[in-house]
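The sequence shown begins at 1 in the UniProt record's numbering and counts up by one.
Backbone N, C-alpha and C fix where the C-beta goes; we use that ideal spot for every residue, glycine too.
For reference, the structure discussed in these notes is given below.
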Amino acid sequence: MKLARRLQAIKPSATLALNARAKALAASGKDVVVLAAGEPDFDTPEFVKQAAIDALRSGFTKYTATAGMPELREAVCRKLEKDNGLKYAPDQVVVTAGGKQSLYNCFQALLDEGDEVIIFAPYWVSYPDMVHLAGGTPVIVPTREEDGYAPDPAAIKKALTPRTRAIVLNSPANPTGAVYSRATLEGIADAVRGHDCILVTDDMYEKLLYTQEPFLNIGNVAPDLVPRLLVSNGLSKSYAMTGWRLGYAAGPKALISGMQLVQDQSTSNASSITQKAALAALNGPTDTITAMVNEYRERRDLFVAGLNAIPGIRCRLPEGAFYAMADVRGLMGKSYKGKPLTDSLQMSEALLNDFLVAAVPGDPFGAPGYIRMSFVTSREVLQKGLTRLRDFVAALG
Numbered sequence: 001m002k003l004a005r006r007l008q009a010i011k012p013s014a015t016l017a018l019n020a021r022a023k024a025l026a027a028s029g030k031d032v033v034v035l036a037a038g039e040p041d042f043d044t045p046e047f048v049k050q051a052a053i054d055a056l057r058s059g060f061t062k063y064t065a066t067a068g069m070p071e072l073r074e075a076v077c078r079k080l081e082k083d084n085g086l087k088y089a090p091d092q093v094v095v096t097a098g099g100k101q102s103l104y105n106c107f108q109a110l111l112d113e114g115d116e117v118i119i120f121a122p123y124w125v126s127y128p129d130m131v132h133l134a135g136g137t138p139v140i141v142p143t144r145e146e147d148g149y150a151p152d153p154a155a156i157k158k159a160l161t162p163r164t165r166a167i168v169l170n171s172p173a174n175p176t177g178a179v180y181s182r183a184t185l186e187g188i189a190d191a192v193r194g195h196d197c198i199l200v201t202d203d204m205y206e207k208l209l210y211t212q213e214p215f216l217n218i219g220n221v222a223p224d225l226v227p228r229l230l231v232s233n234g235l236s237k238s239y240a241m242t243g244w245r246l247g248y249a250a251g252p253k254a255l256i257s258g259m260q261l262v263q264d265q266s267t268s269n270a271s272s273i274t275q276k277a278a279l280a281a282l283n284g285p286t287d288t289i290t291a292m293v294n295e296y297r298e299r300r301d302l303f304v305a306g307l308n309a310i311p312g313i314r315c316r317l318p319e320g321a322f323y324a325m326a327d328v329r330g331l332m333g334k335s336y337k338g339k340p341l342t343d344s345l346q347m348s349e350a351l352l353n354d355f356l357v358a359a360v361p362g363d364p365f366g367a368p369g370y371i372r373m374s375f376v377t378s379r380e381v382l383q384k385g386l387t388r389l390r391d392f393v394a395a396l397g
């Protein structure tokens with residue numbers, strides 16, 4: 001069957017594919033250490049689940065407005081003003097089926113064929129492919145680990161062209177866990193002033209922060225850029241609601257209207273029941289988030305220290321999110337089963353097939369020579385993963 005040409009540039013999600021393989025192995029009885037997951041291992045808070053149960057029992061099972069319940073959009077506005085110092089009206093907010101949909105709808109509404117979107121590497125695997133699906137061209141700007149993965153303003157200026165329609169910012173970042181400082185955000189702002197591109201900021205990991213400094217959005221350090229700022233966020237990570245599929249975006253009214261139009265003709269509204277749960281989450285207590293962040297901080301410290309104790313592996317301490325981006329270039333060139341180890345894809349395959357460790361190769365993130373591992377699992381499992389990683393390294397010739 002002949003499919004659309006635009007699909008030729010699209011690759012399956014490496015994280016979802018590896019997760020599926022790991023789950024299949026586990027279902028067959030294998031003792032798999034899954035370090036590929038991008039979702040909290042905490043449960044959704046009980047008060048959030050109760051709100052969904054109440055919605056079901058009250059018959060709140062019909063369509064809502066495409067952009068979301070008015071009271072939920074109002075709650076999003078209150079959250080953005082209280083937590084982020086950003087003021088939006090409800091008609092500048094659209095509620096989506098997960099944060100991913102808000103970004104997808106943004107690119108569909110914003111891009112024409114050949115329009116460019118600047119993306120910083122390492123990047124979340126879906127950014128470039130969502131741009132491709134909208135007919136756009138991803139322009140990849142590398143960042144360096146030794147700079148804390150902070151984008152270089154000079155590199156941004158060099159990448160900007162008359163066709164640049166957007167720049168994607170992600171802090172705390174997937175896959176690196178990097179958090180942009182005030183100085184970094186000011187440098188980005190200085191680089192884009194004078195250009196009319198949209199700033200798309202993916203704040204999904206905003207609450208998973210291990211630094212003393214509070215979270216900053218670029219709108220906080222550059223208020224003059226807020227009129228062309230799109231904030232994408234959701235409840236998947238902060239409230240352990242990955243399967244509930246609830247995200248939102250806030251931004252310029254014209255862009256939000258375009259995103260709603262895309263959603264009108266694709267999915268319509270996010271689940272009515274999930275919206276009621278999200279309303280409870282945004283209006284409710286945050287102690288579950290605090291407990292989760294404290295636990296993840298301790299797991300991060302344990303896991304990263306263990307990685308750095310393995311010869312040939314080096315890992316920077318992430319300031320946010322829940323991923324360890326390990327530099328495994330020190331292992332490249334060694335042999336495994338009589339064959340030279342040449343890239344992180346090969347290493348990831350060997351770890352899963354022979355050591356039952358699911359770790360995502362860095363190549364799909366634009367980071368060859370690295371592997372991404374999530375520490376959202378028990379300390380016992382993390383220790384087991386470290387033991388198997390040491391066994392793999394010991395098996396190299």
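- Pairing residue 227 with residue 188 gives a Cβ-Cβ distance that is not under 9 Å.
- With respect to residue 331, residue 341 sits close: the two C-beta atoms are nearer than 9 Å.
- Between residue 206 and residue 181, the gap from beta carbon to beta carbon reaches 9 Å or more.
- The continuous beta strand (DSSP E) containing residue 229 extends over residues 229–234.
- Taking 3 residues as the minimum length, the beta strand (DSSP E) runs contained wholly in the stretch 122–188 are 137–142 and 164–170, in order along the chain.
- Sorting 194, 312 and 235 by C-alpha distance to the C-alpha of residue 279 places 235 at the top.
- Between residue 110 and residue 176, the alpha-carbon positions lie close to 27 Å from each other.
- Here DSSP, grouped into helix, strand and coil, assigns residue 356 to coil.
- Residue environment for residue 276: buried (at least 16 other C-beta atoms within 10 angstroms of its C-beta).
- Within 10 angstroms of the beta-carbon of residue 7 lie fewer than 16 other beta-carbons, which makes it exposed.
- The Cβ neighbour count for residue 116, taken over all protein chains shown within 10 Å, is at least 16; the residue is labelled buried.
- Contiguous beta strand (DSSP E) elements confined to the stretch 232–269 occur at 247–250, taking only those with 3 or more residues.
- A check of alpha carbon separations from residue 212 across 222, 179 and 118 identifies 179 as the nearest.
- Residue burial annotation: residue 3 is exposed, with fewer than 16 other C-beta atoms found within 10 angstroms of its C-beta.
- In this structure, the beta-carbon distance from residue 145 to residue 316 falls below 9 Å.
- Restricting attention to beta strand (DSSP E) runs no shorter than 3 residues, the stretch 82–122 encloses them at 93–96 and 116–121, ordered along the chain.
- Residue 285 has its alpha-carbon roughly 9 Å from the corresponding atom of residue 47.
- Going by DSSP, residue 374 is part of the beta strand (DSSP E) stretching over 370–374.
- When 124, 83 and 93 are compared, the shortest CA-CA separation from residue 16 is found for 124.
- The stretch 272–327 contains, as complete alpha helix (DSSP H) runs of 4+ residues, the segments 272–283 and 287–308 (chain order).
- Burial state of residue 28 is exposed, judged by a 10 Å Cβ sphere holding fewer than 16 other Cβ atoms.
- Here residue 249 is near residue 232, since their CB atoms are less than 9 Å apart.
- Going by DSSP, residue 202 is part of the beta strand (DSSP E) stretching over 198–202.
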